[in-house]
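One structure is given here, and the rest of the page talks about it.
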Amino acid sequence: MSRERLVSPDIISKEEEGFNRTLRPPTLAEYIGQRKVVEKLEIALEAARRRGEPLEHALFHGPPGLGKTTLAHIIANAMGSKITITSGPALERTGDLMGILTNLGEGDILFIDEIHRLPANIEEFLYPAMEDFRVDFVVDKGMFAKTINVPLKKFTLIGATTRAGSLSAPLRNRLGLVYHLDFYDLDELQKIVVRSARILDARIDDGGSSEIARRARGTPRIANRLLRRVRDFAEVKAKGEINSAVAREALRLEGVDESGLDDLDRNFLSVIIRHYHGGPVGVEALSATLNEEVDTLVDMVEPYLLQQGFISRTKSGRKANEPAYKLLGQPVPRGAAPTLFD
Ligand code: ADE
40 MSRERLVSPD
50 IISKEEEGFN
60 RTLRPPTLAE
70 YIGQRKVVEK
80 LEIALEAARR
90 RGEPLEHALF
100 HGPPGLGKTT
110 LAHIIANAMG
120 SKITITSGPA
130 LERTGDLMGI
140 LTNLGEGDIL
150 FIDEIHRLPA
160 NIEEFLYPAM
170 EDFRVDFVVD
180 KGMFAKTINV
190 PLKKFTLIGA
200 TTRAGSLSAP
210 LRNRLGLVYH
220 LDFYDLDELQ
230 KIVVRSARIL
240 DARIDDGGSS
250 EIARRARGTP
260 RIANRLLRRV
270 RDFAEVKAKG
280 EINSAVAREA
290 LRLEGVDESG
300 LDDLDRNFLS
310 VIIRHYHGGP
320 VGVEALSATL
330 NEEVDTLVDM
340 VEPYLLQQGF
350 ISRTKSGRKA
360 NEPAYKLLGQ
370 PVPRGAAPTL
380 FD
């Protein structure tokens, strides 16, 4: 089942894509949060620049909406190079990839989103490209088959994935720089909302930005999306002034609760508690009961619920913790893990 979720970090409309582009920080200096990643990247970029070499191949992994694509753009800006964007599922034939690779210039960036979904034959085709900057292309068949060796310019591959665990070992071993992106804290999200509001010419006070930050599930893409909804509401109902009351009212209308959870999150918790007695329950069973894809649950629903301590993942499946029972107004059974975060 597919539907629009205001707090889903993954589904992006064309309109939102343009909107994100205007809000995307162009440099690491303007990038808010992910301090460890930013610090390590600054060093890697500076070292590559001093040596006059392209950056090593890199991987960003973590939940959707946290800035993987943004960082790839920042790297391209910093290296003064061109960026070509594609994704694992979009690359079906080696011929498609061949075209992309041979068009890359020295130091250019090839960004592959959802790199864990590259077909196996494409992945193998990539190995010599990444390692030796050449591709082996087989032309003709049978007796006349021959391998043509095509040299490539020294490019940088940047992969992004929500599932670092699903990457094959040979691919992972060829990615020299590996960075994990984690959810943002409230203070960082609030700064991002304030920055975005400034770019959009929206008037917002501390209360307004704090309300939006609290409901953004640790995710800048969601913070910016909520800001957009609140800005519309404020323009129509509050002379364009976003304060705490305006933000609350706008987001209540959108069905986003105080903690940023939406219907799918609440249903997810409710199914574990009501259908499966609090778990443990396997994700396949949850997927069948909720009529949602396993991937949607694993990539977009669970990470934030786990991080916030609503659920735990055990060997035998997912379990609801005390905060989940409280959220749904259910009695907390003995044995439910207590609140981890207050
Ligand atoms: N907009 C979206 N993500 C951002 C970030 N990490 N820093 C600044 N602005 C952003």
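Residues in the sequence shown are numbered consecutively from 40, following the working numbering. In this text, a Cβ means the ideal position worked out from N, Cα and C, and glycines have one as well. Model, not experiment: these values are computed from the prediction.
Asked                                                                                                                      : Found
DSSP beta-bridge partners of Tyr218                                                                                        : Phe99
Residue of Arg89, Met182, Met118 and Glu54 minimising C-alpha distance to Thr66                                            : Met118
heavy atom of ligand 1 below 6 Å from Ile350 C-beta                                                                        : no
Length of the line joining the Cα atoms of Thr200 and Ile122                                                               : 18 Å
Whole-Å CB distance - Leu220 paired with Gly106, under 8 Å assumed                                                         : 6 Å
Three-state class that DSSP yields for Gly356 in the structure shown                                                       : strand
Buried or exposed (CB count within 10 angstroms, at least 16 for buried), Lys276                                           : exposed
Whether Leu210 touches Val232 by CB criterion (7 Å)                                                                        : no
Proximity below 7 Å, CB of Glu293 to CB of Leu45                                                                           : yes
Per DSSP, the bridge partner or partners of Gly198                                                                         : Leu98 and Ile151
Short Cβ contact (7 Å threshold) for Pro64 with Arg260                                                                     : no
Test: Gly279 CB closer than 7 Å to a CB of chain B                                                                         : Absent here is chain B; the protein component of the structure consists of one chain.
Cα-Cα separation, Asp338 to Leu62                                                                                          : 24 Å
Beta-carbon proximity of Gly246 to Asn282, cut-off 7 Å                                                                     : yes
Limits of the unbroken alpha helix (DSSP H) element including Ile139                                                       : Thr133 to Thr141
Whole-angstrom distance between Tyr223 and Asp304, CA atom to CA atom                                                      : 19 Å
Cβ contact (3+ pairs, closer than 8 Å) linking the stretch 312-321 and the stretch 351-366                                 : yes
4-residue-minimum alpha helix (DSSP H) runs that sit fully inside the stretch 54-122, ordered along the chain              : 74-90 and 107-118
Residue of Arg173, Gly91, Arg287 and Leu80 minimising C-alpha distance to Leu98                                            : Leu80
Reduced DSSP secondary structure (H/G/I, E/B, other) of Phe272                                                             : helix
One or two residues paired with Val401 in a DSSP bridge                                                                    : Residue 401 cannot be examined here, being either before or after the span of the chain that is shown, 40 to 381.
Start and end residues, alpha helix (DSSP H) containing Leu367                                                             : Element bounds for Leu367: n/a, residue is neither H nor E.
Heavy atom of ligand 1 within 6 Å of Pro128 beta-carbon                                                                    : no
Gly351 in three-state terms, based on DSSP                                                                                 : Sequence check: residue 351 is Ser here, not Gly. In this structure, Ser351 counts as strand in the three-state DSSP scheme.
Closest Cα partner of Thr328 within the set Asp334, Tyr315 and Glu274                                                      : Tyr315
Assumed close pair Phe164, Thr133 - CB separation to whole angstroms, cut-off 8 Å                                          : 5 Å
Cut-off 6 Å between Cβ atoms - residues of its own chain near Ala236, not counting five sequence neighbours on either side : Ile243
Check: Pro259 C-beta below 6 Å from any heavy atom of ligand 3                                                             : In the structure shown, ligand 3 is absent; the only ligands present are ligand 1.
Ala159 versus Ala111 - alpha carbon distance                                                                               : 24 Å
Residue nearest to Ser309 in terms of C-alpha spacing, selected from Arg254, Gly368, Gln346 and Ile82                      : Gly368
Endpoints, the alpha helix (DSSP H) within which Val322 is located                                                         : Val322 to Leu329
Option in Lys278, Val174, Glu153 and Arg268 with minimal Cα separation from Asp334                                         : Glu153
CA nearest to the CA of Asp253, picked from Phe272, Asp271, Leu300 and Leu239                                              : It is Arg, not Asp, that sits at residue 253 in the sequence shown. It is Leu300 whose Cα lies nearest to the Cα of Arg253.
Range covered by the alpha helix (DSSP H) that runs through Asn306                                                         : Asp302 to Ser309
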